[in-house]
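*Asks:* Following the numbering used here, the numbering of the sequence shown begins with 5 at its first residue and continues without gaps. Think of the CB as a built atom: it goes at the ideal place given N, C-alpha and C, for glycine as much as any other residue. Given the structure is predicted, the values throughout are model-derived calculations rather than measurements.
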Amino acid sequence: MDFSSISAAHEALLNGDVTAVELTEYYLQKAEKEDRYNAFLEVFRESALATAAGVDEKVKNGSAGKLAGAIIAIKDNICYAGHKVSAASQILDNFESLFTATSVQRLLDEDAIIIGRLNCDEFAMGSSGENSSLGVTKNPINEALVPGGSSSGSAAAVAAGFCMATLGSDTGGSIRQPASFCGIVGMKPTYGRISRYGLIAFASSFDQIGPLARNVEDAELLFNTMAGKDVMDSTSSSKPLNTQTSISGKKLRFAYMKEVMESPGLKPEVKAAFESKLEKLRSEGHEVNAFSFPYLDHMVPCYYVLTTAEASSNLGRYDGVHYGKRSERSEDIPSTYINSRTDGFGPEVKRRIMLGTFVLSTGYYDAYYAKGQKVRQLIKKATDEVLTENDFIISPTTPHPAFEIGEKANDPIALYLEDIFTAQANLSGNPAISVPLAETSEGLPFGIQLTGRSFEEADLFEASRML
Ligand code: GLN
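(1) Does at least one heavy atom of ligand 1 sit under 7 Å from the Cβ of Glu147?
(2) Would you mind working out which of Val304, Ile213, Ile75 sits nearest Arg49, comparing C-alpha positions?
(3) Identify the continuous alpha helix (DSSP H) that holds Ser156 and give its terminal residues.
(4) Taking Ala12 as part of the alpha helix (DSSP H), name the residues at either end of that continuous run.
(5) Measuring straight from C-alpha to C-alpha, what distance separates Thr392 and Leu226?
(6) In chain order, what residues of the same chain lie with their CB nearer than 7 Å to the CB of Ala148, ignoring the 5 residues before and after it?
(7) Which two residues bound the contiguous beta strand (DSSP E) that contains Asp174?
(8) When the Cα atoms are used, what is the spatial distance from Asp388 to Gly433?
(9) What is the residue span of the alpha helix (DSSP H) that Leu4 lies within?
(10) How far does the beta strand (DSSP E) with Gln212 in it reach, from first residue to last?
(11) Measuring alpha carbon to alpha carbon, tell me which residue in Ser399, Leu203, Pro351 is nearest Glu266.
(12) Out of curiosity, what's the CA-to-CA distance linking Tyr84 and Glu263?
(13) Would you list the residues sitting across from Phe44 in a DSSP beta bridge?
(14) What's the gap between the Cα of Ala43 and the Cα of Thr141?
(15) Helix, strand or coil, according to DSSP, for Thr455 in the structure here?
(16) Where does the unbroken alpha helix (DSSP H) through Ile437 begin, and where does it stop?
(17) For Leu364, which residues in the same chain have their Cβ closer than 6 Å to its Cβ, ignoring the five residues on either side in sequence?
(18) How should Ala326 be labelled, buried or exposed, when 16 other C-beta atoms within 10 angstroms of its C-beta is the threshold for buried?
(19) For the putative contact between Asp80 and Leu111, defined by C-beta atoms under 8 Å, what is the C-beta separation to the nearest angstrom?
(20) For Tyr322, count neighbouring Cβ atoms within 10 angstroms of its own Cβ and tell me buried if that reaches 16, exposed if not.
(21) Give a yes or no on whether the C-beta atoms belonging to Ser468 and Asp222 are separated by under 8 Å.
(22) Helix, strand or coil for Gly202, going by three-state DSSP, please let me know.
(23) Just curious, the beta strand (DSSP E) that Ser399 is in, first and last residue?
(24) Going by beta carbon distance, what residues of the same chain come within less than 8 Å of Val108, once the five residues before and after it are set aside?
(25) Is DSSP giving Gly289 helix, strand or coil here?
(26) Do Ser154 and ligand 1 come close, with the Cβ less than 7 Å from some heavy atom?
(27) Below 8 Å on the Cβ atoms is my contact criterion, and I expect Lys229 with Gly196 to pass it. Report the Cβ-Cβ distance as a whole number of Å.
(28) Taking the beta carbon of Val235 as the centre, do at least 16 other beta carbons fall within 10 Å, making it buried, or is it exposed?
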């Protein structure tokens, strides 16, 4: 049942070697019985099997979609009508989606089967999976380690073989960093390429949904199915989806940031593997250029000023009245708001709401939020400049492989620094992907990241395949 790719499973299904119900049952059992990593928050047994039976009917009459045979699970911040969604937060305990995210709907329209929802950091705020209110997710490669975050369950479920691919969301690295830590592929599309309708908002001008998969081909298949304009998300782009790459067989220009190589946190083994990859690219005839980027140290502060500001606004809706849980100590309007939010949000979410409210407040707005916006523009401009002279920016995805559960749990700044290499693509809006690069001497995987030109995902996938 372990097909090497979604298209292999699809073919087996069309050939009658396997049925959708058999495939679904196989993965459901794994997710139900073998998940000692706390990757799944819930398995959608009933609806998955019902969908599978429908897919088998379609296979019989020759009308099956191109994802028939794909067994997928979704991060717990993406809506699927009639199923619970909580963003791993107590404030949304027992909340049920009233509609289906466009990204999920497009997968379903092509006959993918959604088998469950996956653990994550609360409201996608975190880099380790430890901020979930529903327990930590463990890394299937070594259970003492974090799987990365915030799409912790999305990465762990793929790495453990509980489904073929998953959806995650990436605001500052939440798809790519866990993909790196779990030895899989994770891709963040260009901002606006995939609809955010039905994604629980964290920082709306940064958030993107994207795939986590075992290989580039599967990630590309899911991406192509989900991408494109959606009238329900006014920030989704109406640019036609380009699925044709123009770079096959060509010599490419890769650019790496000098400051990344000098970064104090960069682990020597990661640096060495990255450098030897650059050498290999040179030996294959590609151009590898160094560039200087004076903003590397400003990326994380800029990201945390702007995203906390957006989060403080987005999370204002959780008031104990409109959504989710209401505190039992509610006597009047103020006590309903205060107690519901006090009880419902975890410490990291509260920290960010306070930080975001602070940077937006009168007297501080110009010094922090408005300044952050300007820095973001500078970063975007500088990124675009590098990508006019080069085809891709190349870097390690993270400075180090997965760390121990608990190691950084009491040090928010250390966790914020996890985003040092990934936040750039969210600040600038460019598409970026992490593919496995190598393993440390202890057998821990880490990834290499490519950032491409906006809306040129086809080239990004092609270059990733080559890498
Ligand atoms: N680690 C980052 C944060 O905590 C990224 C989160 C994300 O991409 N959702 O904000």
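*Replies:* With the structure as the only source:
(1) no
(2) Ile75
(3) 156-163
(4) 10-18
(5) 28 Å
(6) Glu408, Ile409
(7) 169-174
(8) 10 Å
(9) This structure cannot speak to residue 4, because the chain is shown only from 5 to 471.
(10) 212-217
(11) Ser399
(12) 42 Å
(13) Leu122
(14) 6 Å
(15) strand
(16) First-last for Ile437: 436-443, but that is the beta strand (DSSP E), not the alpha helix (DSSP H).
(17) Ala313, Tyr373
(18) It is worth fixing the name first, because residue 326 is His in this sequence and not Ala. Burial call: exposed.
(19) No, Asp80 and Leu111 are not in contact; Cβ-Cβ is about 16 Å, not under 8 Å.
(20) buried
(21) no
(22) coil
(23) 396-400
(24) Ile78, Ile82, Cys83, Tyr84, Ile118, Leu171, Gly202
(25) coil
(26) yes
(27) For clarity, residue 229 is Thr in the given sequence; the question names Lys instead. Thr229 to Gly196, Cβ: 17 Å. No contact.
(28) exposed
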